[in-house]
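K.L.:
So for the sequence shown, numbering that gives the first Met the number 0 puts the first residue at 0; every next one is plus one.
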Amino acid sequence: MESVARSQPIAGADTAPSKDTTLIYRQSRWTRLTHWLWAASLFFMLLSGLQIFNARPQLYIGKESGFTYNNTVFAIGAENTATGPRGYTEILGKRFDTTGVLGWSGPAGQETSRAFPSWATIPSYYDLGTARVVHFFFAWVLSTTLIVWLVASLINGHLRRDLAPRIDDIRRLPRDIIDHAKLKFHHTREYNTLQKMAYGGVLFVLLPLMIITGLAMSPSMDSVLPFLNDLLGGRQTARTIHFVVMGLLVAFFVIHMLMILAAGPINELRSIITGWYRTDPPADDGKSSERSA
0 MESVARSQPI AGADTAPSKD TTLIYRQSRW TRLTHWLWAA SLFFMLLSGL
50 QIFNARPQLY IGKESGFTYN NTVFAIGAEN TATGPRGYTE ILGKRFDTTG
100 VLGWSGPAGQ ETSRAFPSWA TIPSYYDLGT ARVVHFFFAW VLSTTLIVWL
150 VASLINGHLR RDLAPRIDDI RRLPRDIIDH AKLKFHHTRE YNTLQKMAYG
200 GVLFVLLPLM IITGLAMSPS MDSVLPFLND LLGGRQTART IHFVVMGLLV
250 AFFVIHMLMI LAAGPINELR SIITGWYRTD PPADDGKSSE RSA
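1) Under three-state DSSP, which class holds Q57?
2) When the Cα of L247 is compared with those of G200, I265 and A262, which residue comes out closest?
3) Between A138 and P207, what straight-line distance do the alpha-carbon atoms span, to the nearest angstrom?
4) Touching or not, the stretch 182-194 and the stretch 211-224, by the rule of three or more beta carbon pairs under 8 angstroms?
5) Between S40 and the rest of its own chain, which residues show a CB-CB distance below 8 angstroms, the 5 nearest in sequence each way excluded?
6) CB N228 to CB T120, shorter than 8 angstroms?
7) When you compare only the Cα positions, how much space is there between Y124 and L49?
8) Taking the Cβ atom as the reference point for each residue, do T97 and T88 lie within a distance shorter than 8 angstroms?
9) So what does W103 bridge to, in DSSP terms?
10) To the nearest angstrom, report how far apart V147 and L153 are at their CA atoms.
11) Give the C-beta separation of L101 and G83 to the nearest angstrom, bearing in mind that I take them to be a contact with Cβ-Cβ under 8 angstroms.
12) Thinking C-alpha only, which one of A81, K93 and S217 is nearest V72?
13) Report the rounded CA-to-CA distance for A250 versus A130, giving the unit in angstroms.
14) So, using beta-carbon positions, are Q26 and I271 closer together than 8 angstroms?
15) Is DSSP giving L227 helix, strand or coil here?
16) Identify which residue in T30, R31, Y24 and Q57 has its Cα closest to the Cα of I240.
17) On the DSSP bridge assignment, give the partners of N79 in chain order.
18) Verify whether the separation of the beta carbon atoms of D279 and H186 is less than 8 angstroms.
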């Protein structure tokens with residue numbers, strides 16, 4: 000994410016006073032640390048998760064799955080045709096040819112039947128055991144960091160002060176949508192309405208849901224949280240939800256990167272690396288702009 004917390008300037012080497020009043024200290028060390036921990040964790044979880052998915056490249060709705068059931072909602076595979084092996088992706092019964100990317104891929108003359116290609120998985124070769132170790136390690140890193148961040152944000156008031164949408168934010172939502180559609184950005188310390196909604200959706204909906212569905216897929220958690228599996232509609236449904244959430248997080252990342260490029264990548268990256276952020280110059284009436292990119 001572009002940023003996940005706003006901090007007041009504090010004494011320190013990287014918070015030295017600046018004569019430039021448009022340059023503010025926006026991101027604390029803790030904000031920057033959690034941001035990059037989450038980014039790294041999600042990266043390794045995504046690629047190792049695709050490797051795990053390759054072991055059973057189908058998704059189902061319900062508590063059971065198998066050849067005698069008709070509850071498949073998503074599948075990636077390969078089939079022999081008159082022109083040779085072809086890869087396909089099937090969504091809700093509709094099949095698409097994805098040869099070369101999904102289902103059947105690899106160097107020319109060395110193609111293999113594989114759901115996601117080798118360049119998109121960790122490890123690149125088929126190794127379910129290693130993929131599970133990598134996936135679970137970074138899942139615990141993500142979960143632990145998220146819990147600590149939530150507790151700290153409740154204590155220091157960050158959630159209430161910076162992320163909770165206010166009535167004025169809701170009123171400004173149409174204007175925010177129009178401004179972003181026009182690639183018109185304003186740079187201030189505060190988040191705008193779309194940022195609050197996007198960050199809130201990731202932090203309080205998608206990430207917790209990903210963790211919960213991950214726990215529901217673990218047989219060892221059945222004895223600890225026996226109700227969780229039934230609450231989500233079964234282990235197969237939990238796996239499908241888990242995969243969908245992953246897709247939504249990838250979509251968020253793509254949009255997030257596009258917004259950073261449009262708003263000014265140097266300024267945005269400086270903020271999340273050093274903490275310093277350049278705001279818009281004061282308006283003619285002496286007041287700063289109200290919104291942020």
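Every residue gets a Cβ at the ideal spot worked out from N, C-alpha and C, and that includes glycine.
P.N.:
In this structure, then:
1) Three-state result, Q57: strand.
2) Residue G200 holds the alpha-carbon nearest to the alpha-carbon of L247 among G200, I265 and A262.
3) Those two C-alpha atoms are separated by around 11 angstroms.
4) Taking one beta carbon from each stretch, the stretch 182-194 and the stretch 211-224 have fewer than 3 pairs nearer than 8 angstroms; the two do not touch.
5) Hits under 8 angstroms: F137, A138, V140, L141 and T144.
6) No, the Cβ-Cβ distance between N228 and T120 is not below 8 angstroms.
7) In a straight line, the C-alpha of Y124 is about 12 angstroms away from that of L49.
8) In contact: T97 and T88 (Cβ atoms closer than 8 angstroms).
9) Note: W103 sits in a beta bridge opposite S112.
10) Rounded to the nearest angstrom, the two C-alpha atoms are 10 angstroms apart.
11) Taking 8 angstroms as the upper bound for CB-CB distance, L101 and G83 are not in contact here, some 16 angstroms apart.
12) Cα-wise, what sits closest to V72 is K93.
13) Linking A250 to A130 through their CA atoms gives a straight-line distance of about 23 angstroms.
14) Taking 8 angstroms as the Cβ cut-off, Q26 and I271 qualify as a contacting pair.
15) Here L227 sits in helix by DSSP.
16) For the set T30, R31, Y24 and Q57, the Cα lying nearest the Cα of I240 is the one of Q57.
17) Assignment of beta-bridge partners to N79 by DSSP yields P84.
18) The answer is yes: Cβ separation under 8 angstroms.
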